[in-house]
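See below for the structure under consideration.
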Amino acid sequence: MTEPLSFELSRAGAEPPRLPAAGVHAPRPADVLSKDVLRAHPADLPRLSEPEIMRHYSRMASLNYSISEQFYPLGSCTMKYNPVANEAAAALPGFAGLHPYQDEDTVQGALELMHSLERALCAVVGVDRVTLQPAAGAHGEWTALRMIQAYHRSRGDKRTEVLVPDSAHGTNPASAALSGFQVVEVRSGPDGRISLADLESKLSPRVAALMLTNPNTLGLFEREILDVAEMVHATGAMLYYDGANLNAFMGVCRPGDMGFDAVHMNLHKTFTTPHGGGGPGAGPVGVKAELAPFLPHPTIERSNGHFTLDFKRPQSIGRVRSFYGNFGMLVRAYTYILAMGGDGLTQASLDAVLSANYLRKQVEGVLDLPHEGPCMHEFVASAHNLAPQGVKALDVAKGLLERDFYAPTVYFPLVVPEAIMVEPTETESKATLDAFAGALKDIVQQARTDAAALHAEPRSLPVGRLDEVGTARQITAYLTGQSEDPVLRWKRPAK
Amino acid sequence: MTEPLSFELSRAGAEPPRLPAAGVHAPRPADVLSKDVLRAHPADLPRLSEPEIMRHYSRMASLNYSISEQFYPLGSCTMKYNPVANEAAAALPGFAGLHPYQDEDTVQGALELMHSLERALCAVVGVDRVTLQPAAGAHGEWTALRMIQAYHRSRGDKRTEVLVPDSAHGTNPASAALSGFQVVEVRSGPDGRISLADLESKLSPRVAALMLTNPNTLGLFEREILDVAEMVHATGAMLYYDGANLNAFMGVCRPGDMGFDAVHMNLHKTFTTPHGGGGPGAGPVGVKAELAPFLPHPTIERSNGHFTLDFKRPQSIGRVRSFYGNFGMLVRAYTYILAMGGDGLTQASLDAVLSANYLRKQVEGVLDLPHEGPCMHEFVASAHNLAPQGVKALDVAKGLLERDFYAPTVYFPLVVPEAIMVEPTETESKATLDAFAGALKDIVQQARTDAAALHAEPRSLPVGRLDEVGTARQITAYLTGQSEDPVLRWKRPAK
Amino acid sequence: MPYLVHSPQEREEMLAAIGVESMDQLLVDIPSSLRIHDLKLPRGLSEFETMAAVRDLAAANRVFADRLTFRGGGVYKRFIPTAVAAVTGKPEFYTAYTPYQPEASQGTLQAIYEFQSLIAELTAMDVANASLYDGATAVAEAAMMARVHTGRDEILVAGYVHPEYVEVLRTFSEGRGMKVKKGDQPTNKTAAVVFQQPDFLGLLVDAKGLTERAHSVGALAIASVDPISLAILAPPGEYGADIAVGEGQQLGLAASYGGPHVGFIACTKDLVRRLPGRLIGSSHDAQGRRGFVLTLTAREQHIRREKATSNICTNHSLCALAAAVYMTYMGEAGMRQVAEVSFQRAHALAERLAALPGWEMAFPERQFLNEFPIIAPKAKPLLRKLAKKGILGGLEVGRWFRELKGVLTFTCTEVNDPAAIDALLEALSA
Amino acid sequence: MPYLVHSPQEREEMLAAIGVESMDQLLVDIPSSLRIHDLKLPRGLSEFETMAAVRDLAAANRVFADRLTFRGGGVYKRFIPTAVAAVTGKPEFYTAYTPYQPEASQGTLQAIYEFQSLIAELTAMDVANASLYDGATAVAEAAMMARVHTGRDEILVAGYVHPEYVEVLRTFSEGRGMKVKKGDQPTNKTAAVVFQQPDFLGLLVDAKGLTERAHSVGALAIASVDPISLAILAPPGEYGADIAVGEGQQLGLAASYGGPHVGFIACTKDLVRRLPGRLIGSSHDAQGRRGFVLTLTAREQHIRREKATSNICTNHSLCALAAAVYMTYMGEAGMRQVAEVSFQRAHALAERLAALPGWEMAFPERQFLNEFPIIAPKAKPLLRKLAKKGILGGLEVGRWFRELKGVLTFTCTEVNDPAAIDALLEALSA
Ligand SMILES: Cc1ncc(COP(=O)(O)O)c(C=O)c1O
Ligand SMILES: Cc1ncc(COP(=O)(O)O)c(C=O)c1O
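Chains as they are written, first to last, in the working numbering: chain V, 94 to 588; chain W, 94 to 588; chain X, 973 to 1402; chain Z, 973 to 1402.
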């Protein structure tokens, strides 16, 4: 079952929705504005009635896998249950109805919420201040690097390099580069952890920061993190924490204590704000006191029980987005934190680690496990063992889809060939983990007996494997004028 | 894909939800109450976490067809689009939060809404007063019959019979019987309409009322309705209108003008309150002035812009349910009426009739059409033409399910063999009607070429045809002590 | 126009396909004297204006904060998990019809099968149905079962059963050949003894004794019960009642000015074939996959027609779904917890109220759970005073029972936190 | 604990299956000096208490009625069809991740493909992406595209572009090798001219002239546009802009104290490979069934890493979905209608305000749509007075622009009904 595009369902004569009339005596735009400011060709938008629109989107929704119906073990993405109470909280008119330019004294509840959330996040990661402005993880990374840069500059120190492990997420080097740094890669050792020797060799007074995530993208805790921190700090560089993996150890240890100076968090991972099919998220950044002067403005301050937006921060790197961040996501995260409490967050991380290790154990002998355990909240397996059958990580992923599971992250991190990165999270039951392991076993079995059948999966989904290469080729044809089909959008067929 | 029962997913050690503590010094029940009032064996309810519960219900939801995703042409059920605005209206805290025993002056908005809804319904069906108390259509039928009975009795007239056409919905004779009347069936003529001759022969001073729906359950307008009314009234009986088919003619004609004295309406059909998988609905009853004294109490009255609940109605038949009816459904219906207005409701009925006739036309030559058209908002076809292939109405229904359509009502009305009763409603597009007709053609084609394949449909749904007879047999075994399996519920297996 | 689909041009095309020229040709069967061309209603509004109008009506009501609501009388403010509306708000559930086609309705069927199972567990009865309209009609339908089962016609209502339930029972009994009497001494004419546990005032009745007395004369015992109370109190199945009924509003449904809520009914094996309404049973397909179906439909009006003993068709399925989600979310332990918290708070409140000058418990010797009757001096002005402070005080039960003039019933649940109770006391003392 | 699944017993079973005795054995890699055993946070609350706490915070805010909100400045109160939240509230949409597995993500992919198409149509540009964080970062990302495309480093900001957008642009340009200047005279160092139509004050700018001037020196023209205005005004594609960006909040998103909203970006063919963020394209499977996929991913950071020209990963998909539903619901005619109603009401309001003693239009010779700057006497106390009457008056733009001290911008949309405008005038005259 597939669904036509709204543009294809569109009916020429369909009535527009009823809308209020102006009810005032005033000229209409066409009466006043000159022709050349007016639109010449009306936009070719679909024309559909509400019943058709609702069915259209309902049918599309049913084509998705989502955590609401499927186990969604995407490594590095922390696809845990999104509490429905969060949604109810963010929808409260007392939040959703606030205009960002209302006066401070009319938004004390909103400011208090943000202030409390900042305090809670400080407690979880062990930092002094947090900005809630960044809209996502990558945005937070870049915000933090800009602060680190501003810090060094404020000391007359023009550092030009940022170190990034080879196992890092792509946003890390990109964020560093977009802050004007040169990116230097640090290699992982054979145990999957950062090589201290390589790090040593790359550290220099040119280095502004080392970006790390811990546990790293292999799900392994960087045992020598304290040595790393000492080495980095000894050269005057700062240590940056990519908080995508924070779900591994809330209440167990804290990046701030490990020596990290700046930390971004993904509220859309660790703190259950929903992914929304690709955002919106929120990527707050926590910093130690020495970086605090450089925080984006405004910060939220409290004095005498009154909350204010502080714009008078002379060393601030400035704004990183309009207004105060993705406020609606902040409400959700705060609601979650209230419900979980310190005890709940701690147990959540413990359970996440337990689940990952349990599932990892079930996968032993089924897929390759290139690194030794225990892992933290996720682990990376490899489909390398299926190479003789011509079966790849992608095939395993598609086989899982066929068996009613979403697929793990595949081909990341880049340091593992045929990587299959599994993050079960704490909100999946043992029964689900067992069923998932069963599906993996079934797939491996099938790889051995009938690899061709596996290559043809998924069969029962709305579509089978799509010709992604063909799509890219067609786009090139369009961009180079060899085809009229824009591929990236619907366009009314020429008559 | 099927889903285990919540009881089967239950995990013995699962933690209960966090709930507030008492926070007061007071004894606990076990401290105070004697053992024989206390529960001896705790109820064996499932133990599940919120993430599991939400996934459980989400997966179950995806096993349903519904108007949100499928055309749902259930005859007599008026499965039209349920506006999402209705849902938003009913959820407003100003409605959902009202306690039924609040004082009148704190619920003026609710009373005004009910009063306005009453006025609007009066305008649509042409009566003087409406009670909003009945919870569904059948409840409304019985309420109306009780009023008619009370009316006759108040005049010292002990009438004992109610006439019901053979094509009537089962609730009609049941409601009549449960009001203490004897039910006398009136036959339909060969054209599908009530036989005046038969009616004539059954009318007598014993008759309290004739129950009719118009258009009748065949979707045919009772052309001679004015004659019927005259005949009925001439004997001193009353004419009752089953409003299940009101969607056929809002703004086109009115039951009150036809001579009906009492009318029930299904807000969950004509007025878009959702069916909810089998309720809640609302079955208001409208009556002409002479029946008004007998309305259930309380009625809603207005004086000087103030609204009151009137309990002082000495001739009232009394309450038919607690409080004031399914208030939340009344809010939805009123919201719909505001949005549609008189113009919208009229066009809705015209479109419903147009769609039914259009679809009927497409079905010509595909299925039998035992009665001549035009029809009103629905029509009854018959799978009788497929008898040679051993294909029945049921097979056509299952074939439609396989083709992503819900099935029409089958085997009702009883007067048509292999009846297939189709009600498209005004909120389905021509494209959908065409696709449905195409599916019917495809099924008939398949009946001719491979009836066995059709008998095996549906194949792609969560389950195939279920052994309903076996289920009934097993229940009998349970009820007669031959089996321990209650069939009608889960029960923990004995160890 | 909102929610309409056809464009003027499509209407023309469809008329042409039918082979007529105008709508009037499709409406030929309607006598011209009946034909109207519009309705005496205002023109439709945009959604924006519609919602504004509806919001204005909502705003014309006064909503008392849950925590400051101490009034019950059959409808109670309780904690409703967000999960409930998240499930019932799924269009796959709320826009489906009664599950006539089981293959395409397994979601609804299984959910209601689970509801039946949950109610059967909670009441400790053999079988429960798929729901009824409300607690009042549930009592009436149960009485009808007893009437048919015993062949007797007297329904005895013992003690303070909800007065609106009794009114509905009276309306129902007309025409069903039942006579409703008050009293607790059944005779061999008695079809059933109906009692409520806890009763309308919140007091515990001798459910076991009433049941035994009913049985001793061959009558049935019909227990109308508070579902939350069953986490603590002996359920009807434990004391041998034949039919358990009740109002399920407390199982996750909003007060909503009295509806929609949900009635439940459960019974012993013997009476299953007399149950009104829908029943869902477990079945399987040819491949052995389990599925659920509407079953024992031969009891129902669409088969039995005038011989049916109930006319119920559309019932309260979505409310039953809400109740199922609620019970599953809470579990036995959760329900016990809210029942106990409610009990403790009500007892704390009762003690403090009874200590106020001029106040005294109306039935000091009787036990209660979380609602209790108390004699309050000058109840009317007192309630007005509370309302001014945003508090919805006790219910004046003298409205229904002359002997209880001046008596208020107060209720506490898990939503009335200790500070709310303090606020009530403070307002009373002010 | 809420949202956790494992029972204590299951934890034991799982540890045993792993072959360890305690969690500590799984946490061996964590240096013991780092190990903590709890967080300095309060214990968790029940959902009931959590929601009560959150509701208290919400209640500590003052929400101005939409109809009495005359403040804009980049965020506008508009009619939001209920359909929008009904779609975005579907868990199948909101609990999915970025659609990495297309076979199991066709819902999201198709919806965003439709969003891309709708934005491309609305802006009259060739291609639009899947969304950006907001209007501000959209401007910054567009500038970066121009920087890379032209190899030049100067970004010229012409006229009253939203001051927060310019601030963000400045923060972005650090490290990206861009210099931000104000002015409208591009040179051969100029990578792009950025302008806003209508500008931050609501005034129309000479978009065509600015575009031509940019092109005449080989620079790109970046138009930051109000999507609703495009129902009336010439879209960027019609006057030849190279990149169109904007804030999509008005397309069905709540004000929500400034976020989450959605940025959009669209461009000409030439620039497609430089677009930041996700792009969805149409594809097909081996059976020829159409499907949608993430495409041109080679542009993105997870492939290009330090060579990427944008780091955006998680974007604002669900907000884009909301915008798609909005645009589909409204259609071209609906969007034109609200744009026109807003225009007419703003003009009626402007006329009445300008007639008040001491008030005058700040730029009487300039044209506007539905937001306009006006000089108001004693703006601050006046706004306070309005607030007391529940009215959110104009925005003091002097906060950002010294030369505009005493100027307020007022905005009107379809939610400010004529009676609301009367109420504003009345409050001002009182
Ligand atoms: C390790 C890591 N770092 C950074 C990010 C970027 O976060 P976002 O997608 O919120 O920008 C991700 C998420 O995909 C990640 O997994
Ligand atoms: C013709 C007719 N009459 C009466 C009813 C009974 O209505 P309800 O199901 O609301 O009780 C129905 C609905 O099924 C019907 O179709």
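Even for Gly, the Cβ is constructed at its ideal location relative to N, Cα and C. All figures in this text were calculated on a predicted structure; none of them were measured in a lab.
Margin query: Would R148(W) pass as an interface residue toward chain V - the criterion being a Cβ-Cβ separation below 8 Å?
Written below: yes
Check: What three-state label does DSSP hand I1127(X) in the structure shown?
Finding: strand
Check: Are L1128(Z) and T1162(Z) close, meaning C-beta to C-beta below 8 Å?
Finding: yes
Notebook entry, point to check: Which partner residues of G434(V) appear in the DSSP bridge assignment?
Noted result: R1015(Z)
Check: At a Cβ threshold of 8 Å, is T328(W) touching chain V?
Finding: no
Item checked: Partner residues on chain V for V1217(Z), Cβ-Cβ distance less than 9 Å -> Those within 9 Å of V1217(Z) in chain V number zero; the least Cβ separation is about 13 Å.
Check: Using the C-alpha atoms, what's the distance from K584(W) back to D578(W)?
Finding: 8 Å
Next item on the list: Give a yes or no on whether the C-beta atoms belonging to L452(V) and P501(V) are separated by under 8 Å.
Entry: no
Check: Between L332(W) and the rest of its own chain, which residues show a CB-CB distance below 6 Å, the 5 nearest in sequence each way excluded?
Finding: L303, A322, V325, G352, F353, D354
Notebook entry, point to check: The alpha helix (DSSP H) spanning A544(W) covers which residue range?
Noted result: 544-548
Margin query: Output needed for L1358(Z): all residues of its chain with C-beta closer than 8 Å, excluding positions within five of it in sequence on either side, in chain order.
Written below: L1364, G1365, L1396, A1399, L1400
Next item on the list: Identify which residue in A1164(X), A1334(X), R1308(X) has its Cα closest to the Cα of H1121(X).
Entry: A1164(X)
Notebook entry, point to check: Helix, strand or coil: which one does DSSP assign to N175(W)?
Noted result: coil
Check: Is the stretch 506-515 of chain W touching the stretch 539-556 of chain W in the sense that three or more CB pairs, one from each, lie closer than 8 Å?
Finding: no
Next item on the list: Starting from A1193(X), follow its DSSP beta bridges and name the residues at the other end.
Entry: V1165(X)
Item checked: Contact set for G1045(X): own chain, Cβ-Cβ below 6 Å, skip 5 residues either direction -> L1367
Margin query: Strictly under 8 Å for the Cβ-Cβ distance: is R395(V) near chain Z by that measure?
Written below: no
Checklist line | Alpha-carbon to alpha-carbon, L1141(X) and G1263(X) | finding: 36 Å
Item checked: H361(V): CB within 7 Å of a non-hydrogen atom of ligand 1 -> yes
Margin query: Beta carbons nearer than 8 Å to chain W: which residues of the stretch 1080-1109 of chain Z have them?
Written below: none
Notebook entry, point to check: What residues in the stretch 1113-1139 of chain X have a beta carbon less than 9 Å from any beta carbon of chain V?
Noted result: none
Notebook entry, point to check: Cβ of L526(W) within 8 Å of Cβ of Q455(W)?
Noted result: yes
Notebook entry, point to check: Is there at least one non-hydrogen atom of ligand 2 closer than 7 Å to the beta-carbon of A445(W)?
Noted result: no
Checklist line | Any non-hydrogen atom of ligand 2 closer than 7 Å to S1254(X) Cβ | finding: no
Next item on the list: Using only alpha-carbon positions, find the residue among F1340(Z), M1097(Z), I1346(Z), L1321(Z) that is nearest to W1331(Z).
Entry: I1346(Z)
Checklist line | Opening and closing residue of the beta strand (DSSP E) in which G335(V) lies | finding: Reading the sequence as shown, one finds Asp at residue 335(V) and not Gly. Start and end: 331-336.
Notebook entry, point to check: What do you get for N1160(X), buried or exposed, if any count of 16 or more other CB atoms within 10 angstroms of its CB means buried?
Noted result: exposed
Check: Can you tell me where the alpha helix (DSSP H) with H208(W) in it begins and where it stops?
Finding: 201-218
Notebook entry, point to check: Whose CA, out of L547(V), G563(V), P506(V), lies closest to the CA of S169(V)?
Noted result: P506(V)
Checklist line | Residue burial classification, G371(W) (beta-carbon count within 10 angstroms, cutoff 16) | finding: buried
Next item on the list: Output yes or no for whether 8 Å exceeds the beta carbon distance between F1344(Z) and A1322(Z).
Entry: yes
Next item on the list: Anything in the stretch 1038-1053 of chain X with a Cβ closer than 7 Å to a Cβ of chain Z? List those residues in chain order, please.
Entry: F1051, P1053
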